[in-house]
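Q:
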Amino acid sequence: MGQVKRVHEAMAAAGWDAILLSASSSVQWISDFTGSFGYALITTDDALFITDSRYAIQAEQQINDLEIKSFGSPKNIYEVLSDEFSKRQVQRLGFEPSITFGAWETWKEKFHGVELLPLGDLIPGLMKIKTDAEINKIREACRLGDACMQRALSMVQVGVSEYDIGLDIEFFFRKNGAAIGFDPIVASGPNSAKPHARPSERKIQRGDFVTIDLGCTLDGYSSDLTRTVVVGEATDRQCEIYEQVLRAEVECCQMLVAGANGKDVDQHARNILDEKDLGQFFGHSLGHGLGRAVHDPGRLHFTADEPLTVGQVWTVEPGVYIEDFGGVRIEDDVVITASGPEILTSTPKELTVV
Ligand code: GLY
Ligand code: MN
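The numbering of the sequence shown is the working numbering, which starts it at 25 and goes up by one.
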């Protein structure tokens, strides 16, 4: 089923007559349009995509399920939207809560006679459950992520800088028709204690943990993959930390089944790390939704007190980060199927000493 049909059904169930999508992630999700300016106005029985003249041709090429309207100077978006609201006799309009305060102030002023109401979780709720077509695209993005990881790991050796590996990751994705999903993380030695370290000029040294976190956006969908290796020789402490993070990761991936509770999966990772007094070094959530965006709606966290469902795609990424020592993160992407978790990323994850 296409996204427009899913939205129409959800709107009917929730009693919405008209909604306006303005966040680029949800506009891309419903339309497949990848330009930077677009709105989707969905009413009970139609779906309109609005952009300006810069994107008129691109919109015709990319969008199948929505009627397309483009405008140029001297019209502006507020006039165009107001006209469309009038034509459709829109009185109550659901808007995405992510709009800025500035947009809210402007919309209140420009959209006379239209009551603006926050949409709540309607769109994120749909975005969390991927269609088969979306899952296939994520699968392809994961394949390319694995290929990139294999190449990046082969570059890890004493004397190579984090920056050189980071640059190669970006180049690899671009050369293979993808975009980087986020700035790659290549963190060596003490830098690996920073979960979101940026590649630096630091040269890899013997004894380092090296964490590489990379992902691409391919055909509009994302992958997100992390591996940590040790350079030269691993100490007992490094092995202990790595094995505990690995156990947490493997067991939590297997817990991703329909009906499980996201909060419990996150807690399980913390319990395993606590066995070795390592939970105190794991500050971020266990995982996040993955789809159009690298951080799609949904978190595996203590706040995620709801049952998981078939069609959701999650990252699972426990980590331990110890200042002045280093850190380990292991991350895979997992889709929940009717027969259990399917791990979409396949780079080996047993402790590797390079
Ligand atoms: N891969 C980066 C993140 O999940 O934040
Ligand atoms: Mn991630």
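In this text, a Cβ means the ideal position worked out from N, Cα and C, and glycines have one as well.
Find the nearest neighbour of Asp-320 within the set Gln-86, Thr-241, Gly-343 and Val-210, judged by alpha-carbon distance.
A: Looking at the Cα atoms, Thr-241 is the closest of the given residues.
Q: Using DSSP bridges, identify the partner residues of Gly-364.
A: Thr-361
Q: Using the three-state DSSP reduction, which class does Leu-141 fall into: helix, strand or coil?
A: Here Leu-141 carries a strand assignment [DSSP, helix/strand/coil].
Q: Leu-143 and Glu-120 look like a contact to me (Cβ under 8 Å); what is the Cβ gap, rounded to whole Å?
A: 6 Å
Q: Under 5 Å, CB to any heavy atom of the ligand GLY. Which residues pass, going along the chain?
A: Selection output, chain order preserved: Asp-237 and Asp-248.
Q: Can you say whether Asn-215 is buried or exposed, counting buried as having 16 or more other CB atoms within 10 angstroms of its CB?
A: Under this definition Asn-215 is a buried residue.
Q: For the ligand GTP, is there any heavy atom lying closer than 7 Å to the beta carbon of Thr-252?
A: In terms of ligand content, the structure shown lacks the ligand GTP and carries the ligand GLY and the ligand MN instead.
Q: Nearest by alpha-carbon distance to Thr-58: which of Ile-66, Ser-77, Gln-85 and Leu-332 is it?
A: Gln-85
Q: Is there at least one non-hydrogen atom of the ligand MN closer than 7 Å to the beta-carbon of Glu-341?
A: yes
Q: Name the DSSP beta bridge partners of Ile-43, please?
A: For Ile-43, the pairing in a beta bridge is given by DSSP as Ile-66 and Gly-118.
Q: Beta carbon of His-312: closer than 7 Å to some heavy atom of the ligand MN?
A: yes
Q: Beta carbon of Gln-278, beta carbon of Ile-296: below 8 Å?
A: One thing to note: Gln-278 has its Cβ no nearer than 8 Å to the Cβ of Ile-296.
Q: Can you tell which of Phe-326, Asp-329 and Gly-315 has the C-alpha that lies nearest to the C-alpha of Leu-368?
A: In terms of Cα proximity to Leu-368, the closest of Phe-326, Asp-329 and Gly-315 is Gly-315.
Q: Give every residue of the same chain whose Cβ lies closer than 6 Å to the Cβ of Tyr-187, excluding the five residues on either side of it in the sequence, and list them in chain order.
A: Excluding residues within five positions, the ones whose Cβ falls inside 6 Å are Pro-223 and Glu-225.
Q: Cβ of Glu-355 within 7 Å of any heavy atom in the ligand MN?
A: yes
Q: Out of Glu-275, Glu-299, Lys-227 and Ala-282, point me to the one whose CA is closest to Leu-310's CA.
A: Selected option, being the one with the closest Cα: Glu-275.
Q: Judging by CA-CA distance, which residue of Asn-200, Gly-256 and Arg-175 is the nearest neighbour of Asp-237?
A: Arg-175
Q: For the pair the region 203 to 212 and the region 329 to 348, tell me if three or more CB-CB distances fall below 8 Å.
A: no
Q: Considering only residues of the same chain and omitting the five flanking positions on each side of Ser-122, which have a CB-CB separation below 7 Å?
A: Ala-47
Q: Quick one: grab the DSSP three-state call for Asn-88.
A: coil
Q: Would you verify that the beta carbon of Pro-142 is, or is not, closer than 8 Å to some beta carbon of chain B?
A: No chain B is present in this structure, which holds just one protein chain.
Q: Taking just the CA atoms, how far does His-292 sit from Gly-244?
A: 32 Å
Q: Report the start-end ranges of each alpha helix (DSSP H) in the region 256 to 313 that is 4 residues or longer and not cut off at the edges.
A: 260 to 278 and 286 to 298
Q: Three Cβ pairs or more, each shorter than 8 Å: is that satisfied between the region 138 to 153 and the region 57 to 74?
A: no
Q: Expressed to the nearest angstrom, what Euclidean distance is found between the alpha-carbon atoms of Gly-350 and Pro-98?
A: 57 Å
Q: Quick one: grab the DSSP three-state call for Lys-99.
A: coil
Q: Determine the DSSP secondary structure at Gly-149, reduced to helix, strand or coil.
A: Reduced to three states, the DSSP call for Gly-149 is helix.
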